[in-house]
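Student: Sharing a structure with you now.
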DNA sequence: TGATTTTGTCTCGCTATGCGATACGATGTT
DNA sequence: AACATCGTATCGCATAGCGAGACAAAATCA
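Chains as they are written, first to last, in my numbering: chain A, 1 to 271; chain B, 1001 to 1271.
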């Protein structure tokens, strides 16, 4: 498929060949969506730089379809119930597991290591899905299991990616030690979280289990809150300290792609 | 404005005179939004009963505008980030207070009594806005104040409209008595809540303050959860037991209209 | 109150625009 | 290797959507 269509002569931006009616309708919806107050035909026309006739025709169809509604007293227009429902449906359809799966596969193929996807819950990272690595020995966590916030790469990166008060609400009073490499000193742990936030990834060599390591990045949703994590999991000898920059980039890009598909406007951490 | 345009001869449904391109584009978005899996051009064309060309052209523009995105491996289409963002913006713009205000006014004018709007919070109903009634004596609650779940019409109707486990999480261990008419017996209170759920409205004569009564209905949002309440507040002699059916209908209709504008698909209680 | 502006709505001819039919290359299936 | 099916591109044509303008009802002003 995918014919090249190298149209060199007419250096057209890809803003061409879009159906103008559709573009206009969506522009109207966008404009209406981020105004809090109702807005009239004339104001809309001047705001979008087109004629009143056009706007009015579009408003009529959008009202007729239920996506916007018109106030009865003042005759201005506002967002309608159906657009809200559409938005809800859209968010709901962006299911984390299904969206992430192809990117998990790509990450596994790029690194050769096991990949795990986790959701941020009240008391840890719940593993939703894992992909086995390309090696003989089977490592990795079981789907359904819960990783601690303090002794896993996924947990630490989730903590580091959220706001200070959210973090304070989640961090346990005691730092449980799974191995002798787990950080249990409170101050030391906070400093470590700050480092994680700066470097935008986390590892946890030998922290959960001796000989194992993971490299994790956070996944943000449309509200730009860290709702999930993705990680590669392997032996400590394959994920070194610090990890191969190629590995970091691979995990980070997977996280970014998934975040974008979830509606995250841009993959940057909150400050 | 509002020209009558009584077009009697051509008994046309209002499905005419909509811009077909826009209708098609929105149909595509709707279809894509409630499918969880990606979907291809051909499937979409047969599902919507039109040609592949048309669908493909629309998909191209929607992709170009960012509302949907195309998988790179399989060349199928899915919901895009921008649609999710639009939905979020739409929900956010449906602000409860501003949406409710005109309906509150209509309710006040229809009944002559004070009207109050409350939001369901963790430990009670927070009064967001009130409109004074058309009577000499000033009754009603102050905006900002918090009504109890057990001794106000608004609180009881909110409890009755939510699911059993949500209700169990909210109901206080002790039933505080504001007056001697407040229900303090636990079994009796639960039975009363069931009655409220069946009749779909609640009153609280003399329960919060002697001589005062309120008639309240719940307001649902796009998720069909009870997020707010609306009520008329007056003297017990004007809101009788049981209340005038006209009053019940007026409050209920206001609640329904507000719910609809918030994106609630249909004003029915959860079972 | 009456004059004036501004609003939302409607009409009408024109042509740009989105349409259907068809074809093509690529992929996967038997 | 033949086949079915996929997404994509092309191309006239007629229709659908467009702009300009007119109109009445409100809102605003005098």
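Using N, Cα and C, we set each Cβ at its ideal position, and we do this for glycine too. If you're wondering where the values come from, they're calculated on a predicted model, not measured in any experiment.
By how many angstroms is the C-alpha of residue 1236 of chain B removed from the C-alpha of residue 1215 of chain B?
Tutor: Approximately 10 Å, taken between the alpha carbons.
Student: I want to verify the contact list: residues of chain B whose CB lies under 8 Å from the CB of residue 88 of chain A, in sequence order.
Tutor: In chain order: 1087, 1091, 1222, 1223, 1263.
Student: Strictly under 7 Å for the Cβ-Cβ distance: is residue 36 of chain A near chain B by that measure?
Tutor: By this cut-off, residue 36 of chain A is an interface position.
Student: Is there at least one Cβ from chain B nearer than 7 Å to residue 81 of chain A's Cβ?
Tutor: Chain B contact via Cβ: present.
Student: If you count every other CB in all the chains shown that lies within 10 Å of the CB of residue 1233 of chain B, and 16 or more means buried, which is it?
Tutor: With 16 or more other Cβ atoms within 10 Å, it is buried.
Student: Along chain B, which residues have their Cβ under 8 Å away from the Cβ of residue 73 of chain A?
Tutor: Within 8 Å Cβ-Cβ: 1102.
Student: Let me check you understand the geometry: is the CB of residue 225 of chain A closer than 6 Å to at least one non-hydrogen atom of the ligand HEM?
Tutor: Among the ligands in the structure shown, none appear at all, so the ligand HEM cannot be discussed.
Student: Identify, in the order they occur along the chain, each residue of the same chain with its Cβ nearer than 7 Å to the Cβ of residue 1222 of chain B, setting aside the five sequence neighbours on each side.
Tutor: 1091, 1262, 1263, 1264, listed in sequence order.
Student: Taking residue 25 of chain A and residue 62 of chain A to be in contact with their CB atoms under 8 Å, please state how far apart those CB atoms are, rounded to whole angstroms.
Tutor: The pair is a contact, with the Cβ atoms about 6 Å apart (cut-off 8 Å).
Student: Starting from residue 157 of chain A and walking both ways along the alpha helix (DSSP H), at which residues does that stretch end?
Tutor: That run of the alpha helix (DSSP H) goes 153-161.
Student: Can you list, in chain order, the residues of its chain with a C-beta nearer than 6 Å to that of residue 1254 of chain B? Leave out the 5 residues immediately preceding and following it.
Tutor: The answer, listed in chain order, is 1103, 1107, 1230.
Student: Grab me the residues of residue 32 of chain A's own chain with a C-beta within less than 7 Å of its C-beta, minus the 5 sequence neighbours each way, in chain order.
Tutor: The answer, listed in chain order, is 39, 68, 77, 78, 79.
Student: Could you tell me whether any Cβ in chain A is nearer than 7 Å to the Cβ of residue 1084 of chain B?
Tutor: Closer than 7 Å: yes.
Student: Keeping to the same chain, check which residues put their C-beta closer than 8 Å to that of residue 197 of chain A; ignore five residues upstream and five downstream.
Tutor: Same-chain partners within the cutoff: 160, 161, 269.
Student: Based on the DSSP output, what are the partners of residue 260 of chain A in its beta bridges?
Tutor: Residue 260 of chain A is not bridged to any residue.
Student: Under three-state DSSP, which class holds residue 266 of chain A?
Tutor: Residue 266 of chain A falls in the coil class under three-state DSSP.
Student: If you measure between the beta carbons of residue 1115 of chain B and residue 1131 of chain B, is that distance less than 7 Å?
Tutor: Yes.
Student: So with Cβ pairs under 7 Å, would you call residue 61 of chain A a contact of chain B?
Tutor: Yes, because at least one Cβ of chain B sits closer than 7 Å to the Cβ of residue 61 of chain A.
Student: Should residue 1045 of chain B be flagged as near chain A, meaning a C-beta pair shorter than 7 Å?
Tutor: By this cut-off, residue 1045 of chain B is not an interface position.
Student: So which residues of chain B does residue 260 of chain A contact, with C-beta pairs closer than 7 Å?
Tutor: Under the 7 Å cutoff, chain B gives 1081.
Student: Give me, in chain order, the residues of the same chain whose beta-carbon lies closer than 7 Å to that of residue 153 of chain A; leave out the 5 immediate sequence neighbours on both sides.
Tutor: Here the set comprises 202, 203, 204, 214, 215, 216, 231.
Student: Nearest to residue 73 of chain A by alpha carbon, out of B:1207, B:1179, B:1105?
Tutor: The shortest C-alpha separation from residue 73 of chain A is found at B:1105.
Student: For residue 1053 of chain B and chain A, any beta-carbon pair shorter than 7 Å?
Tutor: Answer no: the Cβ-Cβ gap between residue 1053 of chain B and chain A never drops below 7 Å.
Student: Quick check on the DSSP output: the alpha helix (DSSP H) that includes residue 1194 of chain B runs from which residue to which?
Tutor: Element bounds for residue 1194 of chain B: 1186-1199.
Student: Would residue 1064 of chain B count as contacting chain A if we go by Cβ distances under 7 Å?
Tutor: Cβ-Cβ to chain A under 7 Å: yes for residue 1064 of chain B.
Student: Between the C-alpha atoms of residue 1247 of chain B and residue 1167 of chain B, what's the straight-line distance to the nearest angstrom?
Tutor: Using only the alpha carbons, I get a separation of about 27 Å.
Student: For residue 150 of chain A, which residues in the same chain have their Cβ closer than 6 Å to its Cβ, ignoring the five residues on either side in sequence?
Tutor: Once the five neighbours on either side are set aside, the close Cβ partners of residue 150 of chain A are 175.
Student: Check each residue of the region 1155-1180 of chain B: if its Cβ is closer than 8 Å to any Cβ of chain A, include it; give the result in chain order.
Tutor: Residues: none.
Student: For residue 1186 of chain B, count the other beta carbons within 10 Å of its own beta carbon; 16 or more makes it buried, fewer makes it exposed. Which is it?
Tutor: So residue 1186 of chain B counts as exposed.
Student: Taking only the alpha-carbon atoms, compute the straight-line gap between residue 124 of chain A and residue 208 of chain A and give it to the nearest angstrom.
Tutor: So the two alpha carbons sit approximately 13 Å from each other.
Student: Is the Cβ-Cβ distance between residue 1081 of chain B and residue 260 of chain A less than 7 Å?
Tutor: Contact flag set, yes.
Student: Tell me, please, whether the CB atom of residue 18 of chain A is closer than 7 Å to any CB atom in chain B?
Tutor: So, interface residue.
Student: If you draw a straight line from the C-alpha of residue 1021 of chain B to the C-alpha of residue 158 of chain A, how long is it?
Tutor: Looking at the two C-alpha atoms, the distance is approximately 44 Å.
Student: Whose C-beta lies closer than 6 Å to the C-beta of residue 1056 of chain B among residues of the same chain, with five residues either side of it excluded?
Tutor: Hits under 6 Å: 1041.
Student: Could I get the ranges of all uninterrupted beta strand (DSSP E) runs contained in the region 212-254 of chain A, with 3 residues as the minimum, in chain order?
Tutor: List check, beta strand (DSSP E) in window: 212-220, 226-235.
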